[in-house]
Amino acid sequence: MALITITSDLGTRDFYVAALKGAIISNSGLVNIVDITHDVKPFDIKEASFTVKSVFRYYPKGTIHIVHVNSTDGKDKLLLAEVDGHYFISFDNGFLSLAFERMPHETYEINAEILEGASLLYEDAIGQVVNLLVKEYQPTDFAHLTTETINLRLMQPITSSGSIRGTIINIDNFGNAIVNITRPMFDQFIGDRRFSILANVGTTKEISKKYGDVDEGDMVCLFNTSGYLEVAINKGKAENLLGLKIDSPVLVLAD
């Protein structure tokens, strides 16, 4: 049975997600649809890219991932990308370049006849694309390779021996701040030296393995399951207590 995931900013209050799922089922028959989240902040392709990049490898190759976020900036185009054996259906709004740090080489624009008469939700067009993939059609059968797409870049850490200046790229449901500093980056530029991590009004001098390594209410830093540095408060919200937000700087300095 085909496996489809959906990540969206459509919420669950309205009929939009149900309509999208109905169109997929009507076109493809019995399929297995997994909801990643429908609570991406409206139009926030940065959050969507972080979510999808963090989760898609947990699914088997051949999975079809629908990313229905910020369709209004999609320039009336529907894109299909193939990355590491996974398919990604999204709009031409920069999502793909953010999720994979560059536009995937195998990026296709869906042919115009499939989009003819498409609604604002694009539910039937997406349903048709899913159906063609489920039936093992090749992307070139209903789409064409393209390089004429929106390309965006995330801010990259500024590094030197003994220092890393990163930025917060996501704040999760617990108010934890995820920073674009990875473990290999930390090992390369800080290594075994003593260090300090500064996140607005918060400071710590250690990397923990779990939140409970510090007392409740204390700041804790660790590398999360996605491999990124996370700034948190044990049993609290770092977002509020430390005054953190997306794009806020986080410094790691060797002492």
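Number 36 in our numbering belongs to position 36 of the sequence shown; there are no gaps in the numbering.
Don't be surprised by glycine CBs; every beta carbon is placed ideally from N, CA and C.
Within 8 Å, strictly: CB atoms of residue i and residue j
i    : j    : result
F50  : I169 : yes
M219 : I207 : no
G162 : F189 : yes
L253 : S196 : yes
P42  : R165 : no
L133 : L78  : no
Y108 : L80  : yes
I171 : N224 : no
L20  : I126 : yes
I64  : I110 : no
I150 : N93  : yes
I45  : L98  : yes
Burial state of residue i, where buried means 16 or more other Cβ atoms lie within 10 Å
i    : result
I6   : buried
M103 : buried
S26  : exposed
K245 : exposed
G74  : buried
F56  : buried
L145 : exposed
Y228 : buried
Y128 : Reading the sequence as shown, one finds Gln at residue 128 and not Tyr. Q128 comes out buried.
L30  : exposed
H38  : buried
I89  : buried
K135 : exposed
T202 : The sequence given here places Gly at residue 202; Thr does not occur at that position. It is buried - the Cβ of G202 has at least 16 other Cβ atoms within 10 Å.
G236 : buried
A143 : buried
Presumed contact (8 Å Cβ cut-off) between residue i and residue j, rounded CB distance
i    : j    : result
G175 : E230 : Going by Cβ atoms, the distance from G175 to E230 rounds to 11 Å, so no, they are not a contact pair.
A48  : S28  : In fact, because the Cβ distance is near 23 Å, the residues do not count as touching under 8 Å.
S8   : H86  : At roughly 17 Å, the Cβ-Cβ gap does not stay under 8 Å, so S8 and H86 are not in contact.
N200 : L242 : 5 Å
T167 : D247 : 5 Å
A23  : D124 : 5 Å
Residue span of the beta strand (DSSP E) that contains residue i, given as start and end
i    : result
F91  : 86-91
T204 : 202-204
V67  : 64-68
A81  : 78-83
D35  : 32-37
L10  : Counting along the chain, L10 falls outside any beta strand (DSSP E), and DSSP gives it neither H nor E.
S196 : 195-199
Residue range of the alpha helix (DSSP H) that includes residue i
i   : result
Y16 : 16-28
E47 : 45-55
A99 : 95-99
Query - Secondary structure, alpha helix (DSSP H): runs of 4+ residues fully inside the region 222-253 - result: 238-241
Query - 4 or more residues per run - each alpha helix (DSSP H) lying fully within the region 110-192 - result: 112-115, 123-134, 183-189
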